[in-house]
Amino acid sequence: MYKNIIKQAYNNHALERDKSDLADWKFQEREQFLNRMRAENCNRLLEIGAGPGRDSLYFQQAGLHVTCIDLSEEMVRLCQDKGLDAHCMDFYHLDFPPGSFDAVYAMNCLLHVPKMQLPGVLDQIIHVLKPGGLFFCGVYGGQDTEGIWEDDVYEPKRFFAMYEDDVLLEILSRKFQVLDFHTVDMGEGAPHFQSFTLRRLGRQ
């Protein structure tokens, strides 16, 4: 049910998101991950929940071989219009061979996953990521909530799952090595941004 809600919400607001300004801190987050990937000679990147493809285009223009997926057909169309290798696919079933990618990038998409289903999604990411590969996971959180956001300006209103910092850190550290964790303040009363740079466990 929630997947259909998310798909319709982003189909309805795809053009709006494509034209919106990107916050300065988001530029910094993706630049830091690009620098990490370059330092480790990563070439093959998968972006999940790519939206209109602005981050994927940034990484492609930086010389990476980028594949991107999104649940929303309208978002995938916008990605393809930018010349990206984009596919309509959800991250519950990543249809790629094992170890296809050196890195996976997930900016503000996994917060739409029900908490009971997050371990399965992380296993999908592990499956397509090479041993020792990098995973960027960025979400809003700092508080324990789950459900439809009643104050959402999108229609239909979206589902969000948020975690306290130590809880999400513990969940991710069960499956990945944590290379970096930091938060970005979003202002008084708002959830903060949780930024994780992770490494798939296993031999390089």
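All residue numbers for the sequence shown refer to the working numbering, where the first residue is 4 and numbers rise by one. For each residue, glycine too, the CB sits at the ideal point set by N, CA and C.
Assign Q197 to one of two classes, buried (16 or more other C-beta atoms within 10 Å of its C-beta) or exposed (fewer than that).
Position 194 of the sequence shown holds residue 197. Q197 comes out buried.
Per DSSP, what kind of secondary structure is D188 in: helix, strand or coil?
One-based indexing of the sequence shown puts residue 188 at position 185. Residue state for D188 is assigned as coil, using DSSP reduced to three classes.
Should the region 161-175 be called in touch with the region 65-77, which here means at least 3 C-beta pairs below 8 Å?
Segments in contact, no.
Using 9 Å as the threshold, is the C-beta distance between D58 and Y13 below it?
Against the sequence shown, residue 58 aligns to sequence position 55. Against the sequence shown, residue 13 aligns to sequence position 10. Result no, Cβ atoms of D58 and Y13 do not sit closer than 9 Å.
Enumerated in chain order, which unbroken segments of the beta strand (DSSP E) with a length of 3 residues or greater are wholly contained in the region 115-152?
For secondary structure counted as the beta strand (DSSP E) over 3 or more consecutive residues, the region 115-152 holds these complete runs in sequence order: 132-144 and 148-151.
Find the nearest neighbour of H185 within the set D147, L172, N44 and L121, judged by alpha-carbon distance.
Translated into the one-based positions of the sequence shown, residue 185 becomes position 182. Its Cα nearest to that of H185, the residue L172 stands out among D147, L172, N44 and L121.
Between R177, R202 and I151, which has its C-alpha nearest P134's C-alpha?
Along the sequence shown, one-based indexing puts residue 134 at 131. Closest option to P134, judged by alpha-carbon separation, among R177, R202 and I151: R202.
Taking the C-alpha atoms as reference points, what is the distance between A26 and N7?
As a position in the sequence shown, residue 26 is number 23, starting the count at 1. As a position in the sequence shown, residue 7 is number 4, starting the count at 1. Distance from the CA atom of A26 to the CA atom of N7, rounded to whole angstroms, is 28 Å.
By a C-beta neighbour count over all protein chains shown, 10 Å radius and 16 as the cutoff for buried, is K22 buried or exposed?
For the purposes of this step, residue 22 is identified with residue 19 of the sequence shown, where counting begins at 1. K22 counts as exposed, since fewer than 16 other beta carbons sit within 10 angstroms of its beta carbon.
Give the single residue among L18, E77, L121 and G86 whose Cα lies nearest to the Cα of H96.
Mapped onto the sequence shown, residue 96 falls at position 93. The shortest C-alpha to C-alpha distance from H96 to any of L18, E77, L121 and G86 is the one to L121.
State the DSSP-derived secondary structure class of C91, mapped to helix, strand or coil.
For this step, residue 91 is matched to residue 88 along the sequence shown. The answer is strand: DSSP assigns C91 an E or B state.
Distance check for E19 and G123, CA to CA, integer angstroms please.
Position 120 of the sequence shown, counted from the first residue, corresponds to residue 123. Position 16 of the sequence shown, counted from the first residue, corresponds to residue 19. A direct Cα-Cα distance of roughly 31 Å separates G123 from E19.
Cα-Cα, which of E43, K10, L37 and D24 is closest to G136?
As a position in the sequence shown, residue 136 is number 133, starting the count at 1. Of all alpha-carbon atoms in E43, K10, L37 and D24, the one lying nearest the alpha-carbon of G136 is that of E43.
Distance between P100 and Q180 (C-alpha atoms, nearest Å):
Against the sequence shown, residue 180 aligns to sequence position 177. Against the sequence shown, residue 100 aligns to sequence position 97. Each residue's Cα considered, the two are about 22 Å apart.
Fully enclosed by the region 9-78, which beta strand (DSSP E) runs are 3 residues long or longer?
47-51 and 68-73, all fully within the region 9-78.
Can you look up F199 in the DSSP assignment and give me helix, strand or coil?
Walking along the sequence shown from the start, residue 199 turns up at place 196. F199: strand per DSSP, three-state reduction.
According to DSSP, what are the bridge partners of M4?
On the sequence shown, residue 4 is found 1 positions in, with the first residue counted as 1. None; M4 has no bridge partner.
Considering just the uninterrupted stretch of the beta strand (DSSP E) at D98, what are its terminal residues?
The residue you call residue 98 lines up with position 95 of the sequence shown. Boundaries for D98: no beta strand (DSSP E) harbours it, and the DSSP string shows neither H nor E there.
So, is Q207 buried or exposed, given that buried needs 16 or more other C-beta atoms within 10 angstroms?
Translated into the one-based positions of the sequence shown, residue 207 becomes position 204. Here Q207 scores only 44 on pLDDT, less than 50, and its place in the model should not be relied on; the value that follows carries that caveat. Around the CB of Q207, fewer than 16 other CB atoms lie within 10 Å, so the residue is classed as exposed.
Would you kindly work out how many angstroms separate the C-alpha atoms of Y76 and E149, rounded to a whole number?
Taking the first residue of the sequence shown as position 1, residue 76 is located at position 73. Taking the first residue of the sequence shown as position 1, residue 149 is located at position 146. The amino acid at residue 76 is misidentified as Tyr; the sequence shows Glu. Near 25 Å, if we compare the C-alpha coordinates of E149 and E76.
For the alpha helix (DSSP H) holding D169, just list the boundary residues, first then last.
Counting from one through the sequence shown, the residue named residue 169 turns up at place 166. Where D169 is concerned, the enclosing alpha helix (DSSP H) stretches over D168 to S176.
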